[in-house]
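K.L.:
Numbered per the working numbering, the sequence shown spans residues 2 to 571. Glycine included, each C-beta is placed from N, C-alpha and C at the ideal position. Following this message is one structure expressed as structure tokens.
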Amino acid sequence: MNKDRLINLLDTFLFTGTVVAVISFFAHYGFFVNPELLTIIRKGAFILTGILVFDNILMLFLNAFPGEAFRKHRFLYLVTLLLLIHFLFTFIGVYGGNPDARLFYYFTAAQIYIFFMFIIKLTKINRMVFPGINWRPEQLFILSFLGVIVLGTLFLSFPRATVAEGAMPLIDAFFTSTSAVCVTGLIVVDTAVYFTRFGQFIILALIQIGGLGLMTFTSFFTIFFFKTMSFKERFLMSDVLSTDYIGNVHKIIGKILIITFTIETAGALLLFMSWQDKFNSLGETVFHSVFHAVSSFCNAGFSTFSNSLMSFRGDAAVNLIVIVLIILGGLGFLVLMDFFQPLDRRRRMLMVQTKLVLTTSALLILIGTVVFFLVENGNTLQGMSIGEKILASLFQSVTPRTAGFNTVDIGLLSLPMLMIFTMFMFIGASPGSTGGGIKTTTFGILIMTVWSYLKNRDQVSLFKRRIPSRIVYRAMSLVVVSIAYLFMAYLFLVVSEDISMIDAFFELVSAFGTVGLSTGVTPYLSTAGKITIMLTMFVGRLGPMTLALALSRGEKAVVTYPEETSIMVG
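Now the structure itself:
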């Protein structure tokens, strides 16, 4: 047996060991295991950790070029060194001499290290298997989301994920997982009281993975651990990220993650400072701050408070922090990278998409604020000071297109405001963001198309740039397909549910726009109704055109027919 085959066999054995260990960890946290089984899990973790450390050191010395191997995998060896130092400090009592505390420190470090090695080995296997997969980018994109939803359903079904006796009903776990991964925020149970802290942490993880996309994370791990991406991986991610710069995909992925975690960290710190005196412990304050920062930036709308943010409707700091996080998350990563690019000596030249997104978003927020203030002044805004009314109007103007948080009772909104909210939810966020809907760029292009027709112009132009016909066709196709899907889903929902037509329509468009606002009917939906809403959230998050392309055969027409101009329209 040669050395390479032996190394591959050892890798397979260790990967299997990490898989079993990770499953046992989830069993430990998700189920009520007896002390004997917990002891076995701990001992197994310690043994596997020792084997993994020995393997990493051995592979370094067996390498023909150990110095180069160390530089290539320096982060791995740094983590291994930190683990050994942590074990040494625990052994000599630096963290305290309590035996239970020492066991906790040992076990926690072992779990982190094993999970870290599991990610590395999974990424390595993915690099080996991926070249043989001949699916199109749209199909892989869809399957990655489905996979995360299924895993999320499994984790939320664990007995220790909820306060209820036994496991969460499968349909409710599936619904919650879909809502979290699709960053929607529609709920069938109260997130604040139904889920344990473990369950809320699962939801938080699903929001983060769903917001960025599983493929973004896997690509990052590939770059981080192996310093390179294959051409096929670059091509796939360039399609997912909607960029033509295949060579710079790895840089774009890095920037996306840096932007995401920088903004979320800043938001969490600001919320932490605003909530320092609101909770009983430091840990509670940190968790609520991080949860709402991630949920806001990912436009998820999930909250660990039963009434969303209604208790903070007069808190200007909290409102403005959440508003900024929602707006930044809804603009899209490419727009953020373009807007915050370093200034050079030349006059800044923003992309047309950036200008269109910023202009459309600003106008929608401004119009929404004014309309909400005027329409709801004698209704949900009644009894507030003028400052609170303006703040609530601004907040509710931002959330209907993306996030789903609320500082007023959505169930009490007037019918005109519900219809306006429905239009905002249908428009949604911007391309490349975590939000759904037809997107602000599509809306802007449609408006300019109508304007060009009224002005008797043959071409659609924006910011002194001509918009190609294929983009106009795509925008129109997206709207038609979206309306067609919503019409069919609406008919099904009205027939299957005993709710008013406006509530059904509002709920459906909220799911399509991955917004999460509700008039309060979500928990009372039948199984058929929940499945309809789940499918709509999935369609809204991935986009109806992405699903259509994934199901199509991908063939282009090569025949050009004569032009016909005698058809009357309108």
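#1: How long is the line joining the alpha carbons of isoleucine 500 and glutamate 508, rounded to whole angstroms?
#2: Can you tell me whether isoleucine 468 is helix, strand or coil according to DSSP?
#3: For the structure I just gave you, are there three or more beta carbon pairs, one from the segment 472–489 and one from the segment 400–417, closer than 8 Å?
#4: To the nearest angstrom, report how far apart leucine 367 and valine 325 are at their CA atoms.
#5: May I ask you to report which of helix, strand or coil DSSP gives threonine 163?
#6: Do the CB positions of glycine 438 and methionine 449 come within less than 8 Å of each other?
#7: Using CA atoms only, rank isn't needed, just tell me which of Ile264, His293, Glu265, Leu83 is closest to tryptophan 276.
#8: Are there 16 or more other CB atoms within 10 angstroms of the CB of valine 496, so buried, or fewer, so exposed?
#9: Output yes or no for whether 8 Å exceeds the beta carbon distance between leucine 15 and leucine 53.
#10: Report the option in Leu321, Leu329, Ser312, Phe306 whose CA atom is closest to the CA atom of phenylalanine 263.
#11: Write down the C-beta distance between aspartate 504 and threonine 515 rounded to the nearest angstrom, noting that I regard them as a contact closer than 8 Å.
#12: Report back the beta-carbon spacing between threonine 441 and valine 358 to the nearest angstrom; my notes put them in contact at under 8 Å.
#13: Sort out for me which residues DSSP pairs leucine 643 with in a bridge.
#14: Spatial neighbours of glutamate 498 within its chain, please: CB distance less than 7 Å, with the 5 preceding and 5 following residues excluded, ordered by chain position.
#15: How big is the Cα-Cα spacing for tyrosine 106 and isoleucine 172?
#16: Nearest CA to the CA of leucine 335: which residue from Ala102, Glu285, Val323, Met352?
#17: DSSP three-state label for phenylalanine 280, please.
#18: Spell out a yes or no on whether the segment 276–285 and the segment 146–164 are touching, meaning 3 or more CB-CB pairs, one atom from each, closer than 8 Å.
#19: Verify whether the separation of the beta carbon atoms of serine 431 and asparagine 380 is less than 8 Å.
#20: Using the rule of at least 16 other Cβ atoms within 10 Å of the residue's Cβ for burial, across every protein chain shown, is valine 184 buried or exposed?
#21: Just tell me which of Arg402, Asp339, Phe340 has its CA closest to the CA of threonine 370.
#22: Can you tell me where the alpha helix (DSSP H) with aspartate 56 in it begins and where it stops?
#23: Under a three-way DSSP split, which group does phenylalanine 196 fall into?
#24: Which class does arginine 475 belong to by DSSP, given the choice of helix, strand or coil?
#25: In three-state DSSP terms, what is tyrosine 96?
#26: Classify glutamate 377: buried if its beta carbon has 16 or more other beta carbons within 10 angstroms, exposed otherwise.
#27: Considering only C-alpha positions, which residue in the set His289, Ser282, Ile391 is nearest to alanine 271?
#28: Can you find the residues in the same chain that come closer than 7 Å, C-beta to C-beta, to proline 417, ignoring five residues on each side of it along the sequence?
#29: Please state whether DSSP places asparagine 9 in a helix, a strand or coil.
#30: Hey, is glycine 211's beta-carbon within less than 8 Å of any beta-carbon in chain D?
#31: Over what stretch of residues does the alpha helix (DSSP H) that includes tyrosine 454 continue unbroken?
#32: Measuring only the C-alpha atoms, how far is valine 399 from threonine 355?
#33: Taking C-alpha atoms, which residue in Phe306, Phe27, Ile143 lies nearest to arginine 161?
#34: Check asparagine 378 in the structure and name its three-state DSSP category.
#35: Taking DSSP as the reference, what is the three-state secondary structure of valine 20?
P.N.:
If we stick to the structure as given:
#1: Start at 1 with the first residue of the sequence shown, and residue 500 comes out as number 499. Start at 1 with the first residue of the sequence shown, and residue 508 comes out as number 507. Straight-line Cα distance between these residues: approximately 11 Å.
#2: Residue numbering aside, residue 468 sits at position 467 when the sequence shown is read from its first letter. Residue state, collapsed to three classes: strand.
#3: By the Cβ test, the segment 472–489 is not in contact with the segment 400–417, since fewer than three Cβ pairs between them sit closer than 8 Å.
#4: In the sequence shown, residue 367 corresponds to position 366, counting from 1. In the sequence shown, residue 325 corresponds to position 324, counting from 1. Leucine 367 and valine 325: Cα-Cα distance of roughly 14 Å.
#5: Within the sequence shown, the letter at position 162 stands for residue 163. Correct three-state label for threonine 163: strand.
#6: As a working note, residue 438 is residue 437 in the sequence shown. As a working note, residue 449 is residue 448 in the sequence shown. No, the Cβ-Cβ distance between glycine 438 and methionine 449 is not below 8 Å.
#7: By 1-based counting over the sequence shown, the position of residue 276 is 275. Of the candidates Ile264, His293, Glu265, Leu83, the one whose C-alpha sits nearest the C-alpha of tryptophan 276 is His293.
#8: The residue you call residue 496 lines up with position 495 of the sequence shown. When all chains shown are included, valine 496 counts as exposed.
#9: Residue numbering aside, residue 15 sits at position 14 when the sequence shown is read from its first letter. Residue numbering aside, residue 53 sits at position 52 when the sequence shown is read from its first letter. Contact: yes.
#10: Along the sequence shown, one-based indexing puts residue 263 at 262. Strictly speaking, residue 263 in this sequence is threonine, with phenylalanine absent from that position. Ranked by how close their Cα comes to the Cα of threonine 263, the residues Leu321, Leu329, Ser312, Phe306 have Leu329 in first place.
#11: In the sequence shown, the residue the question calls residue 504 occupies position 503. In the sequence shown, the residue the question calls residue 515 occupies position 514. Rounded to whole angstroms, the Cβ separation of aspartate 504 and threonine 515 is 19 Å, and the two are not in contact under 8 Å.
#12: Mapped onto the sequence shown, residue 441 falls at position 440. Mapped onto the sequence shown, residue 358 falls at position 357. Confirmed, Cβ separation roughly 6 Å.
#13: The chain is shown only over 2 to 571; residue 643 falls outside these bounds and no answer can be derived.
#14: As a first step, residue 498 must be located in the sequence shown, where it is residue number 497. These residues qualify, in order along the chain: Ala505, Leu526, Ser527, Gly530.
#15: As a working note, residue 106 is residue 105 in the sequence shown. As a working note, residue 172 is residue 171 in the sequence shown. Rounded to whole angstroms, the gap between the alpha carbons of tyrosine 106 and isoleucine 172 is 37 Å.
#16: Taking the sequence shown and counting its residues from 1, one reaches residue 335 at position 334. Out of Ala102, Glu285, Val323, Met352, Met352 has the C-alpha closest to the C-alpha of leucine 335.
#17: As a working note, residue 280 is residue 279 in the sequence shown. Here phenylalanine 280 carries a coil assignment [DSSP, helix/strand/coil].
#18: No, they do not touch.
#19: Here residue 431 is taken as the residue at index 430 of the sequence shown, counted from 1. Here residue 380 is taken as the residue at index 379 of the sequence shown, counted from 1. Not in contact: serine 431 and asparagine 380 (Cβ atoms no closer than 8 Å).
#20: Along the sequence shown, one-based indexing puts residue 184 at 183. It is buried - the Cβ of valine 184 has at least 16 other Cβ atoms within 10 Å.
#21: Along the sequence shown, one-based indexing puts residue 370 at 369. Ranking the options by Cα distance to threonine 370, first place goes to Arg402.
#22: Residue numbering aside, residue 56 sits at position 55 when the sequence shown is read from its first letter. Per DSSP, aspartate 56 belongs to the alpha helix (DSSP H) from 36–63.
#23: The residue labelled residue 196 in the question sits at position 195 within the sequence shown. It is a strand residue.
#24: Within the sequence shown, residue 475 is the residue found at index 474, counting from 1. If DSSP states are grouped into helix, strand and coil, arginine 475 belongs with the helices.
#25: Stepping through the sequence shown from its first residue, residue 96 is reached at position 95. Tyrosine 96: coil per DSSP, three-state reduction.
#26: On the sequence shown, residue 377 is found 376 positions in, with the first residue counted as 1. Around the C-beta of glutamate 377, 16 or more other C-beta atoms lie within 10 Å, and the residue is accordingly described as buried.
#27: Numbered from its first residue, the sequence shown carries residue 271 at position 270. Residue identity check: residue 271 is leucine in the sequence provided, not alanine. Of His289, Ser282, Ile391, the residue nearest in Cα terms is His289.
#28: Position 416 of the sequence shown, counted from the first residue, corresponds to residue 417. Leaving aside the five residues that flank proline 417 on each side, the residues in its chain whose CB is nearer than 7 Å to its CB run, in chain order, Val376.
#29: The count along the sequence shown starts at 1 and reaches residue 9 at position 8. Residue state, collapsed to three classes: helix.
#30: Absent from the structure is chain D; it holds one protein chain and no more.
#31: The sequence position of residue 454 within the sequence shown is 453, counting from 1. Counted as a single uninterrupted DSSP element, the alpha helix (DSSP H) harbouring tyrosine 454 occupies residues 441–455.
#32: The residue given as residue 399 occupies position 398 in the sequence shown. The residue given as residue 355 occupies position 354 in the sequence shown. The alpha-carbon of valine 399 is positioned some 18 Å away from that of threonine 355.
#33: For the purposes of this step, residue 161 is taken as residue 160 along the sequence shown, with counting starting at 1. Closest option to arginine 161, Cα to Cα, is Phe27.
#34: Position 377 of the sequence shown, counted from the first residue, corresponds to residue 378. Note: asparagine 378 maps to coil in three-state DSSP.
#35: Along the sequence shown, read from residue 1 onward, the residue named residue 20 stands at position 19. In the structure shown, valine 20 falls within a helical segment according to DSSP collapsed to helix, strand and coil.
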